[in-house]
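K.L.:
Taking this note's numbering, the leading residue of the sequence shown gets 564, the next gets one more, and so forth.
Take a look at this one; I'll ask things after.
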Amino acid sequence: MPSTSKLLCTCTSQGCSKHRYFDEGVIKHGQYVNATTRRSHRLLDERDRCFVQQALESARLANALPLLADYNPLPVAGEGLPEAFGAPGIQPSQQPSGIQSNSVLCPPDVQVIEEQHEEGPPKFDCAPLYLNTINKTPAMFIVNLKTVLFYVTQKISLAASSYLLKLDRQLIETVASQGLDPSIPPRLLSYPERIAINSFPNSTQTVIDHLGIDPDLSYLICCPKCFAMYPEASAPECCVHSTFPSTKKADETDDKPPDQEPLDTTPGEAERSLCGADLFCHRRSRRYPIRRFAFQKLQNWLARLFSRPAIEDALATAAARARSPYDATMQMSDIQDSRVWKEFRGPDGRQFTAEASNITFGMFMDGINPYGNRQAGKHASVTFIILVCLSLPVSLRYRPENIYIAGIAPGPKEPSLEEVNWIIRPVIEQLKSLWESGLYLSRTYQHLTGRLIHAALLPFFADLPALRRSLGFASTSAKRLCSYCLIQNTEINNIESESWPTRTLDDHRHWAKKSSEALNRKAQMKILDDHGVRYSALLELPYWNILEFHVVDSMHNLLLGLLKWHCIRFWLMSNVDDEQEPEKVSSRELHEILADALSNLPERPASLNLTTRSGRLLIFCLGPSPTQVTQTSCQKTKHGMVLGASFLW
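Below you can see the structure in the form of structure tokens.
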């Protein structure tokens, strides 16, 4: 019989359910382990369930991935855990080998049931973007539009803008019944007029919903400690994310005798690295998430973009420009003139940027202090992810309506190292779907019957710390400090570029995968020290060249970097007014100062003290160049010239 201090574990993640033991002559499944190990195994079991449920949710959203059957693991003795957990299907620090872009990480007991889909990409219904649900009376439409403009552009509150909306409604009713001529008696409103007045919205939120100007946001529960993400409907009470993969596999115990207990039941590093942070707080018997991550769906944003006039014409112009061959002698004024832009190939092998229906993005990431960058103010960081549509011309590219805000990571601290993968994973998953199968829009501004679009990501630009952190490169103070070559920090003075060992994409992907599969922090740091590589979720994009597609943005590199250093640190320029310059000294005052200095000279030149004011002044006014004052004697000449000094200035 097992020790009374041990508890029965029937987990599937660590293979305990495949063990067998005798209980009063009956063979049962499971094994006895200590309480700490059983709790770790239960958390790992629930983490596997997270993977399955998130895969199911992703399949339903994308309408292109296989569906999963309901997963009911073997019961676990003791206290029950939440029934439904959810987490992204792949950990940010782990990229399982053999997993394709649309594959799902499942426990061995789960059967995958593939649903028969119709051939073709997922379709997006754009009809709501073209329906006018506001009252068709011009006066009412103008009032509704004015209310929304005040709320959005002038940042007045919903209550204040709703109050203005009601006043405008009363004004329209008064004008319709009383008129503008005071001599005309008031009249009763007709039945259609009364119906129109009664159908007037009562709140600004109703007008906003009718116009459809609110972005379609999706929310995930975000761990306040490690930034792990969980769906709202199936999030656990505490975070079950593990930094490192488990070292103990289920199939390792298949050949063991039924009645043999494992020799080592102490938790490994994977079990010790479970986060365990609380995800919810409770107030007034209700559960509230401590922190949430909101992101905008890229499919909805693209449907809005193609519903606006002049956009498709601008995309067609840029595509025609991209068809011209690359000329190295031509002056480049934009990324659309570059070699990478003109040689970028799509999944079909043809030039991706030559088609107006193919959208190419650039990703920007940075963190800001929402309280301002005052020296004595609050210090917090909120990280945002922005995608810029590089397929548009420069005149339209950076307008606010053409900028896609993918998500804003909650503060007060910024994600560090591998934690960045959690906040960029939602947009990466959407980009993978848009690259492989595309998206069919049911209607665009110029194509009433719809069109198929694809999207891809080319450059990633940020300041240097954010770039190294997001892409998994080592910092500038590390041994492998460069993101383009493998030169060491001890060779930083080597300016012969031919001797620099260059990085290769295959080698980078290999060591990034090894880093994600590392079993402990020591192994990860060894790879980082030797190769300057950590795992990045952007490597899951099959076409993305991490070595060629990352850029330090010009604002941080030039304006806030080199130019700021030269102006403030080197030239000591500042926004503080200098002291008032003293008045210029006249020639008469100079003669008086000189006469006073000569009158105080000693009779014996050797006794002249060059550290006194008169001695220094005499050398400055009458002596030779300071670099030529090298003699050890000093004497007064006919012209009052000092010929020597005992030191060199």
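Glycine included, each C-beta is placed from N, C-alpha and C at the ideal position.
This structure is a prediction, so every number in the text was calculated from the model and none was measured.
Whole angstroms is fine: what's the gap from Asp890's alpha carbon to Asp897's?
P.N.:
Their backbone Cα atoms lie some 13 Å apart in a straight line.
K.L.:
Could you name the residues of the same chain whose beta carbon sits closer than 7 Å to that of Gln899, not counting the 5 residues immediately before and after it, in chain order?
P.N.:
Taken in chain order, the residues that qualify are Ala881, Arg884 and Ala885.
K.L.:
Look at the Cβ atom of Arg1043, then the Cβ atom of Ala1075, and state whether they are nearer than 8 Å.
P.N.:
Against a cut-off of 8 Å, the Cβ pair of Ala1075 and Arg1043 comes out as no contact.
K.L.:
Rounded to the nearest angstrom, how far is the Cβ of Pro1064 from that of Leu1082, given a contact under 8 Å?
P.N.:
Actually they do not touch by this definition, with Cβ atoms about 28 Å apart.
K.L.:
In whole angstroms, what separates the C-alpha of Asn765 from that of Ala739?
P.N.:
Going by the C-alpha atoms only, they are around 19 Å apart.
K.L.:
Could you give the distance in angstroms between the alpha-carbon of Val803 and the alpha-carbon of Arg1066?
P.N.:
When rounded, the distance between both Cα atoms is 36 Å.
K.L.:
Quick check on Tyr726: does DSSP put it in helix, strand or coil?
P.N.:
In this structure, Tyr726 counts as helix in the three-state DSSP scheme.
K.L.:
From the DSSP output, read off the bridge partner residues of Arg1014.
P.N.:
Arg1014 is bridged to Leu1004.
K.L.:
Which partner residues does Ala1019 have in the DSSP bridge list?
P.N.:
Its beta-bridge partners are Thr923.
K.L.:
Using C-beta distances below 6 Å, list every residue in its chain close to Ala919, excluding the 5 sequence neighbours before and after it, in chain order.
P.N.:
Excluding sequence neighbours, Ala919 sits near Leu878, Ala879 and Ala882.
K.L.:
Compute every distance between the C-beta of Asn921 and the non-hydrogen atoms of the ligand MN, then say whether any falls below 7 Å.
P.N.:
The ligand content of the structure shown is nil, which means the ligand MN is not present either.
K.L.:
On the DSSP bridge list, what partners appear for Phe687?
P.N.:
For Phe687, which the question treats as bridged, DSSP gives the partners Leu1004.
K.L.:
Flag this pair as touching only if the region 1051-1064 and the region 1106-1113 have three or more C-beta atom pairs under 8 Å; answer yes or no.
P.N.:
Judged by Cβ distances under 8 Å, the region 1051-1064 makes no contact with the region 1106-1113, as fewer than three pairs qualify.
K.L.:
When the Cα of Lys591 is compared with those of Ala598, Arg601 and Cys579, which residue comes out closest?
P.N.:
Cα-wise, what sits closest to Lys591 is Cys579.
K.L.:
Give a yes or no on contact between the region 746-759 and the region 705-722, applying the rule of three or more CB pairs nearer than 8 Å.
P.N.:
Touching, no.
K.L.:
Under a three-way DSSP split, which group does Leu950 fall into?
P.N.:
Residue state, collapsed to three classes: strand.
K.L.:
From which residue to which residue does the alpha helix (DSSP H) around Tyr714 run?
P.N.:
That run of the alpha helix (DSSP H) goes Pro701 to Thr716.
K.L.:
Is Asp822 helix, strand or coil when you go by DSSP?
P.N.:
For Asp822, the predicted model reports a pLDDT of 46, less than 50, meaning its position is unreliable; a value from the coordinates is still stated below. Three-state result, Asp822: coil.
K.L.:
Using the C-alpha atoms, what's the distance from Ala1086 back to His1094?
P.N.:
C-alpha separation (whole angstroms): 12 Å.
K.L.:
Straight-line CA distance for Ala917 to Ser887?
P.N.:
Cα to Cα, the separation comes out at about 9 Å.
K.L.:
Could you tell me whether the Cβ atoms of Leu842 and Ala796 are closer together than 8 Å?
P.N.:
Against a cut-off of 8 Å, the Cβ pair of Ala796 and Leu842 comes out as no contact.
K.L.:
If you draw a straight line from the alpha carbon of Asn965 to that of Pro956, how long is it in whole angstroms?
P.N.:
Answer to the nearest angstrom: the Cα atoms are 11 Å apart.
K.L.:
Suppose you measure from the CA of His582 to the CA of Gln594; what does that come to, to the nearest Å?
P.N.:
Approximately 6 Å between the Cα atoms of the pair.
K.L.:
Given this structure, state the Cα-to-Cα distance separating Ser1078 from Pro685, to the nearest angstrom.
P.N.:
Approximately 34 Å, taken between the alpha carbons.
K.L.:
If you follow the alpha helix (DSSP H) that His804 is in, where does it begin and where does it stop?
P.N.:
Neither: His804 is in no alpha helix (DSSP H) and is coded neither H nor E.
K.L.:
Here's the rule: buried if 16 or more other CB atoms are within 10 angstroms of the residue's CB, otherwise exposed. What is Thr1012?
P.N.:
The residue is exposed, with fewer than 16 neighbouring Cβ atoms inside 10 Å.
K.L.:
If we call anything under 8 Å between Cβ atoms a contact, is Phe856 one with Gly970?
P.N.:
Going by C-beta atoms, Phe856 is nearer than 8 Å to Gly970.
K.L.:
Just the Cα atoms here: how many angstroms apart are Cys952 and Asp911?
P.N.:
Cα to Cα, the separation comes out at about 22 Å.
K.L.:
Return the CA-CA distance between Ala866 and Arg1084, expressed in angstroms with no decimal places.
P.N.:
Approximately 43 Å, taken between the alpha carbons.
K.L.:
So, at 7 Å on beta carbons, what are the nonlocal neighbours of Ile968 in its own chain, with the 5 sequence-adjacent residues on each side left out?
P.N.:
Once the five neighbours on either side are set aside, the close Cβ partners of Ile968 are Gln859, Phe947 and Ile949.
K.L.:
Return yes when the Cβ of Ser1033 is within less than 8 Å of the Cβ of Pro990, no when it is not.
P.N.:
For the sequence presented, residue 990 should be read as Val rather than Pro. Not in contact: Val990 and Ser1033 (Cβ atoms no closer than 8 Å).
K.L.:
On the DSSP letters alone, give me the boundaries of the alpha helix (DSSP H) that Ala1243 sits inside.
P.N.:
The question about residue 1243 has no answer here: the residues shown for the chain are numbered 564 through 1212.
K.L.:
Is it true that the CB of Gly935 sits closer than 8 Å to the CB of Val945?
P.N.:
Taking 8 Å as the Cβ cut-off, Val945 and Gly935 do not qualify as a contacting pair.
K.L.:
How long is the line joining the alpha carbons of Ala972 and Ser781, rounded to whole angstroms?
P.N.:
C-alpha separation (whole angstroms): 13 Å.
K.L.:
Does the region 992-1006 come close enough to the region 1115-1124 to have 3 or more Cβ pairs within less than 8 Å?
P.N.:
The region 992-1006 is not in contact with the region 1115-1124.
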